[in-house]
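Peer 1: Final position of the sequence shown in this note's numbering is 1007; the numbers increase by one with none missing.
Note that CB positions come from ideal geometry on N, CA and C, so glycine has one too.
The structure displayed is predicted, hence computed values, not measured ones.
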Amino acid sequence: MSIDNHKYSDWDVRRVKELDIRQFIPGCNHRKTTQDIECPFCGKKKFAVNAKKDFNNAKCWVCGQGFSGPIAAVAYYSGINLDTDWLHALEETARQGGIVITPQERRREESIAAAIEASRQSFCNQQLEASGLTLEDVTASIIEGGQELFMPTFRKGRVNEMFVPDKSGDDMLIYYYRLDGKPMEYTSKGSSRPRQYVRVRWANPDIHRSSDGKPMKYQTPAGAPSRIYIPEKIRRLYKLKSHIDTLFLQEGEKKAEKACKHGMLSIGIQGINNFGSQQEGLLQDIQDIAKACSISNIVLVMDSDWNDLHRAIKVGDSVDKRPNSFSKAVIKFKQYMSTFHNIGLSVDIWWGHVNENDHGDKGVDDLLCGALLSREQELMEDIERTMHSHDGRGTWLNIHKITAISDAKIRDFWLLNDVHAFYEIHKARLTDVETFKIGNIRYKVENGSLVAVSRYSSATDIYTITQTAKGEDKVEFNDVEAFRFLAASGFHRLRNSDEAASGFEFIRIDDGIIDRVAPYEVRDFIRDYINSNCKSDLVLQFFAKRLSTIMADKQLENLAIIADDFNHFTSGVQRTYYNNGQVEITANAITPDKPISQVWRSRIVPRRFKRVPIIKDIQKVGDNFYIEYTPQAADCEFLSFLINTSNNFYSHDTPRELSDAETFEWIHHIVNKITTLGFLLCDYKYASERKAVIIQDHLMSEVGQSHGGAGKSIVGNAIGHIVSQFFIDGKQMKRDDEFLLSGVTKATRNIFIDDVKTNFAFENLFAMVTGPMYVNPKGKDRYCIPLEDSPKILITTNHAINKANENATKRRIIYMEFSTWYNPDHTLVDDFHHMFFDDWDDEQWNLFDNLMAECVMYYFRSFENSWTREGAGAVPPPMKNIELRTLRQEMSEVLYQWAEEYFDPSGTHLNDRIKRADLVASFFEYAGGPAGHGVTRTNFKGKIQAYCKFKGYDFNIDRPNSDKAYYSDWKRTHPDESFIGSDDKAGGAEYFKVYSPVKEKELKPF
């Protein structure tokens, strides 16, 4: 069949071929599946027609002629030449058989038009446009539900908690399809049912966070392996077995599509290492493409930041870790692609990267949308020249052949084998870093030159060269000197807690910065020392062969053990650490540039701090707060975020003038957020303020329902950008998880429990909020973090906290309330036109850091001046909504709905004295029985009283309250509170009266 015959899809052609052949042959009995009739060729009655499944043909036993199927039969009887006009025969067969078949191109155009209409103004559309792609570019011929369809692989939608796609959201879903066009699938752990492989690009990464609490732009289904993304152009070439001279591997689906659009035939990988694994080897799809398309060259392409150091360099960091990671990826790529010879293919292996240019293009897609816009053909022309050049250097990309070069030569691309050359190309980034490591050796910059830092001096070394009895040189290891060397270099064992008998871990204190290290890292330090300071092959061979034996894990227990007493927290003083020194914060001042000493590396914020005042002053006059901002405050995006999320009075598109009372309430919420952030960022724990912070929505909803997207999680994320944070996914949190805190240490300053579920049992955290914290790490001894060293706890929730009205709960909580300014229809991007944190420049980060320091300062000032009460620094928000939310959850949603009907003011039950038993019976009838709603005969009274408080009604006004006060006297001094009278019992029955003063006034106006 010629390529022209692809006018119709395989599915349509198959439908026509499966038509019953009997309806196209004259003289057939349609009731018989097999029969002999007169042959149209020779006239003999030996023309066997077989309409059984998998046959559907006809043939003469005499002359041997016949029809292979219905199309051949129609062609014969209609006088169509099947060899020259097969398409005409197909269409005529479909017409006679009553089947509508549609040309593929028209179906494709209709599908694209429908997709464009559905995705208009969507986040998906914006993402594609930013990469110079249209929905037509990413439309693929796929097979779903047995049908051949045309669908874009990038679609508008969302995924739920089980990662099941749904069309209703506005994230970008990326659907993966196999080479045959069928959906890629995976099986999650603990399940036998395969699921479709879909990745998501979140429109709002800040509310989708990984297990370490970091925002995620892209997410792959949990438990799913890495797969390659196959653009439609590659799939078509594979199906036709067309030769591909050079196949490119690029990180990202959009890059692969954009490159294919302009002739750079590419597949997408999910990271520079994700082309294979130790378990699977080289991914099967890559092998299949290579075989079917007889590829000659395969190229791994990296972005223009291939040689950059990591973004946030801290004092003492290993600055070569990112270049090391990239070089290892290229070495792994060469090793995996070398396996092509096992399947009989000779493929040349290449590695390349986008070159930096004046346009600032990072990836190939950026390059094609930037510097090469409207002249995209120059890219492949440049690649062709570069791959045939002697040095692999091109205008837009450098591409190097690595088929036969050594791993060391690959490392040379990053200058990892030459410390001084490495420093020279990264001098601009390293000049201002106090000390740093290259190859595990610490260096500093003096007078523009690289100088090794060492505190070790001894007359002898850790080894000596002696002679055997035969006069041959031999190496002897001096273990005493080796441990002196390690101790001088800051290596110790750290006791897990003062109570622990045996538990310890290895640490290194270097330039006042403390790191946890593994035993192999101690050995690596010795190895790096030897390799950098010794040129003797004899010594190098000795340590290469014997280091793991002479410095085995058990031997390392000779290191001195010390206690973890590095936290020195002081009342009224907070010390925060940055790359350029310590920032000291008190109630009246923020002082930067102080020296750093004995600090865990995780506590060093990877930025430079420069003092820029944001809030000039906060004062409290009477019951009201006043805030005065500096001119720089207008540029601080996080302050704007706090202000917006404190506005409970209007939305972004319906501004109005506020009353004085509303303005003061708004400011009160801002001060609550500022001082509560300060509380979370302050290491010292005042005995009078041992609490957890809980962030809730201002907007009330039915119990169990929630309003996400308000920005609560962004606060947790912000805290994690200042202090060492441990993240817990509240939705997945289990009450009986004994390893819940595995990973929390004395260096951890915040535990962020994000998005806890309805009826979260906060009482389970009581002990760790007000007492020591017990940690049971996996595979290690259990240990205790004393109260004064334990981290503070932040919880976000869309629901009220269980038992929040009980005193034991109340005294352990500081609340924050968030307005609905931000919601699924109005996000941060709408206000700021970029994402927080990931998209910030150095100036915005510095404004954020200053605001956070000021939050601590005003927390201390509030504590000193007793803005709320003596012994408290965090100012609570206006509590009305929080109390109402708690009451609604306390009464249960079912009882609330029943009471709204039962005590409807238009009825007769409100203000009437009714038997408790009758009320309980009415409720149980409404609720479908006594189970499933949390209301019992015993707790019914408490829930009715909660309903009265929620509605502003009174209870049992004919009886005195718990203070022996009667309604008429008490109400005069408490007009806005609910009166709760004592039990009303008579004649062996108990009575309730739910009383509305408003209704009483309507009934008796005079």
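Name the two residues that bound the continuous beta strand (DSSP E) containing Arg236.
Peer 2: No beta strand (DSSP E) holds Arg236; the alpha helix (DSSP H) holding it covers 233-241.
Peer 1: Secondary structure at Lys944, three-state DSSP: helix, strand or coil?
Peer 2: The answer is helix: DSSP assigns Lys944 an H, G or I state.
Peer 1: Tell me the DSSP secondary structure of Arg604 in three-state form.
Peer 2: helix
Peer 1: Could you check where the beta strand (DSSP E) with Asn751 kicks off and where it finishes?
Peer 2: 751-757
Peer 1: Which residues does DSSP list as the beta-bridge partners of Asn824?
Peer 2: His827
Peer 1: State the beta-bridge partners of Ile981 as determined by DSSP.
Peer 2: According to DSSP, which records beta bridges pairwise, Ile981 is partnered with Phe956.
Peer 1: Would you kindly check if the distance between the Cβ of Leu682 and the Cβ of Val857 is under 8 Å?
Peer 2: yes
Peer 1: Go ahead and label Ala502 buried or exposed: buried means 16 or more other beta carbons lie within 10 angstroms of its beta carbon, across all protein chains shown.
Peer 2: Confidence at Ala502 is low in this model, with a pLDDT of 45, below 50, so the placement of that residue is unreliable and no value is reported for it.
Peer 1: Comparing the CB of Asn298 with every heavy atom of the ligand HEM, is any distance shorter than 7 Å?
Peer 2: No copy of the ligand HEM occurs in the structure displayed, which carries no ligand at all.
Peer 1: Check Cys637 in the structure and name its three-state DSSP category.
Peer 2: coil
Peer 1: Provide the residue span of the alpha helix (DSSP H) that contains Arg323, from first to last.
Peer 2: 322-338
Peer 1: Whose C-alpha, out of Asn851, Asp839, Leu1004, is nearest the C-alpha of Arg312?
Peer 2: Nearest option by C-alpha distance: Asp839.
Peer 1: Would you mind giving the Cβ-Cβ distance between Arg960 and Gly982, rounded to the nearest angstrom? I have them listed as a contact below 8 Å.
Peer 2: 4 Å
Peer 1: Just mark Pro153 as buried or exposed, buried being the case when its beta carbon has 16 or more other beta carbons within 10 Å.
Peer 2: With a threshold of 16 other beta carbon atoms within 10 Å, Pro153 meets it and is buried.
Peer 1: Hey, could you find the ends of the alpha helix (DSSP H) Trp971 is sitting in?
Peer 2: Where Trp971 is concerned, the enclosing alpha helix (DSSP H) starts and stops at 968-974.
Peer 1: Nearest CA to the CA of Asp525: which residue from Pro607, Gln556, Asn441, Ile515?
Peer 2: Asn441
Peer 1: Can you look up Ala990 in the DSSP assignment and give me helix, strand or coil?
Peer 2: strand
Peer 1: Look at the alpha carbon of Glu572 and the alpha carbon of Tyr685, and state the distance between them as a whole number of angstroms.
Peer 2: One point to set straight first is that residue 572 is Ser, not Glu, in the sequence displayed. Approximately 6 Å between the Cα atoms of the pair.
Peer 1: Which full runs of the beta strand (DSSP E) of 3+ residues lie inside the stretch 39-108, going along the chain?
Peer 2: 48-51, 58-61
Peer 1: Considering only residues of the same chain and omitting the five flanking positions on each side of Tyr775, which have a CB-CB separation below 6 Å?
Peer 2: Cys785
Peer 1: Would you say Val50 and Ile22 are within 8 Å of each other, going by their C-beta atoms?
Peer 2: yes
Peer 1: Among all the DSSP beta bridges, which residues are the ones paired with Tyr784?
Peer 2: Tyr784 is bridged to Val776.
Peer 1: What is the DSSP secondary structure of His1009, counted as helix, strand or coil?
Peer 2: Nothing in the structure corresponds to residue 1009, since the chain is present only between 2 and 1007.
Peer 1: When DSSP labels each residue in this structure, what does Phe650 get in the three-state scheme?
Peer 2: coil
Peer 1: Taking the C-alpha atoms as reference points, what is the distance between Arg609 and Phe833?
Peer 2: 24 Å
Peer 1: Per DSSP, what kind of secondary structure is Phe1009 in: helix, strand or coil?
Peer 2: Here the chain covers residues 2 to 1007 and nothing more, so residue 1009 does not appear.
Peer 1: Around the C-beta of Ser375, are 16 or more other C-beta atoms found within 10 angstroms, so that it is buried, or is it exposed?
Peer 2: It is exposed - the Cβ of Ser375 has fewer than 16 other Cβ atoms within 10 Å.
Peer 1: Once DSSP output is grouped into helix, strand and coil, what is the label at Ala260?
Peer 2: helix
Peer 1: Decide yes or no for the touch test of the stretch 576-591 against the stretch 823-830: beta carbon pairs closer than 8 Å, at least 3 of them.
Peer 2: no
Peer 1: Here's the rule I'm using: 16 or more other beta-carbon atoms within 10 Å means buried, otherwise exposed. How should Phe740 be labelled?
Peer 2: exposed
Peer 1: Tell me the start and end of each unbroken alpha helix (DSSP H) in the stretch 875-902 that is at least 4 residues and wholly inside, in chain order.
Peer 2: Taking only runs of at least 4 residues, the alpha helix (DSSP H) segments lying wholly in the stretch 875-902 are 881-892.
Peer 1: The beta strand (DSSP E) that contains Phe124, what's its start and end?
Peer 2: From DSSP, Phe124 is part of no beta strand (DSSP E) but of the alpha helix (DSSP H) over 124-131.
Peer 1: Can you tell me whether Val199 is helix, strand or coil according to DSSP?
Peer 2: strand
Peer 1: Just the Cα atoms here: how many angstroms apart are Pro206 and Asp756?
Peer 2: 15 Å
Peer 1: For a cutoff of 8 Å on Cβ pairs, would you count Arg612 as touching chain C?
Peer 2: The displayed structure is made up of one protein chain only, and chain C is not part of it.
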